[in-house]
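Each residue of the sequence shown is one higher than the one before, counting from 8 in the numbering used here.
In what follows, a structure is listed as structure tokens, so that the remarks can point back to it.
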Amino acid sequence: MSQEKEFTPALGIGNSALTPLYDSVIGLLTRENTWRSALLTHISPKPGDRILDVGCGTGSLAIGIKLLCGESEVIGIDPDKEILMRAEAKSKKNSANISFHQGFLTTERATELGLFSTVVSSLVFHQTSIEEKRNILVAISKLLQPHGRLCIADYGLQRTKLMRTLFRKTVQAIDGRRDTQPNADGCMPKLIEEAGFINVSEAQVISTLTGSISIYTANLAR
């Protein structure tokens with residue numbers, strides 16, 4: 008993917024002007040503190056870990072990882088230049104030494120970034136096409152160390168009528184149906200396995216005002 012490739016802004020198609028409100032909106036509607044704390048528990052960073060945050064957005068997860076374990080190396084990548092500027096400002100404010108890179112994660116880019124012990128991502132996959140979900144997962148598999156860990160928080164299978172309704176009226180109203188529906192139908196575990204991961208688990212499901220957010224964990228097979 009080139010730098011010119013289109014991407015969905017943080018708050019959805021046609022809403023790039025709302026980017027400054029991203030943190031407030033996400034925090035209010037998605038029970039961010041709850042799912043992010045749970046995700047950090049599953050990531051469990053340790054000294055010496057090299058961790059990549061794919062689609063790092065404003066840097067909240069990357070900063071949380073760094074504050075949890077200052078001896079880990081944390082790198083964030085995101086195609087949105089404006090949102091990365093906010094991430095850099097937030098990391099400096101929190102005295103978190105994080106390296107941010109603008110761009111898309113591709114297999115070519117993976118070779119440039121080097122190997123990681125853990126790759127994480129939050130609220131990214133539901134905004135990408137089914138083909139791109141596969142591409143990103145394959146790229147992640149290329150830059151993980153043998154038996155490296157994958158931790159994802161994103162919208163998953165919407166199991167109840169209430170969660171499906173909330174998801175449709177919020178996430179799909181903003182991001183559209185084409186890219187988001189596969190997540191709502193529960194596509195992620197199978198796609199993760201197809202990319203070469205084992206021990207794939209939907210470790211936690213958290214209900215929110217926008218539908219349920221799932222935490223997925225896995226290890227690279229090799």
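Even for Gly, the Cβ is constructed at its ideal location relative to N, Cα and C.
Check	Outcome
Tell me the residue span of the alpha helix (DSSP H) that contains L75.	67-75
Name the residue from S51, G83, L46 whose alpha carbon lies nearest to the alpha carbon of C63.	G83
In terms of residues, what are the limits of the beta strand (DSSP E) holding I137?	Unbroken run through I137 is the alpha helix (DSSP H), 137-150; no beta strand (DSSP E).
Taking Cβ to Cβ, would you say A225 is nearer than 9 angstroms to L157?	yes
Around the C-beta of I205, are 16 or more other C-beta atoms found within 10 angstroms, so that it is buried, or is it exposed?	exposed
By Cβ distance, which residues of its chain are closer than 7 angstroms to Q10, with the 5 residues on each side in sequence left out?	Summary for Q10: the model assigns pLDDT 42, below 50, so the residue's position carries little reliability; its value from the coordinates is reported in the next sentence. The residues are G110.
Note the first and the last residue of the continuous alpha helix (DSSP H) segment covering D182.	178-182
Within the chosen definition, does the region 89-99 reach the region 120-129 through at least 3 CB pairs nearer than 8 angstroms?	no
How many Å lie between V127 and D60 at the Cα?	5 angstroms
When you compare each of K73, E89, P86, G34 to K100 by their alpha carbons, which one comes out closest?	K73
Among residues of its own chain, excluding the 5 on either side of K88, which ones have a beta-carbon nearer than 6 angstroms to its beta-carbon?	Q109
Between which two residues does the beta strand (DSSP E) carrying A225 extend?	218-227
Straight-line CA distance for R171 to G66?	28 angstroms
Check E116 in the structure and name its three-state DSSP category.	A small fix is needed here, since residue 116 is Arg in this sequence, not Glu. Of the three classes helix, strand and coil, the one that applies to R116 here is helix, per DSSP.
Can you say whether G71 is buried or exposed, counting buried as having 16 or more other CB atoms within 10 angstroms of its CB?	buried
Over what stretch of residues does the beta strand (DSSP E) that includes L59 continue unbroken?	57-61
With H, G and I counted as helix, E and B as strand and the rest as coil, what does DSSP make of I33?	helix
What are the residues that DSSP puts in a beta bridge with F204?	L227
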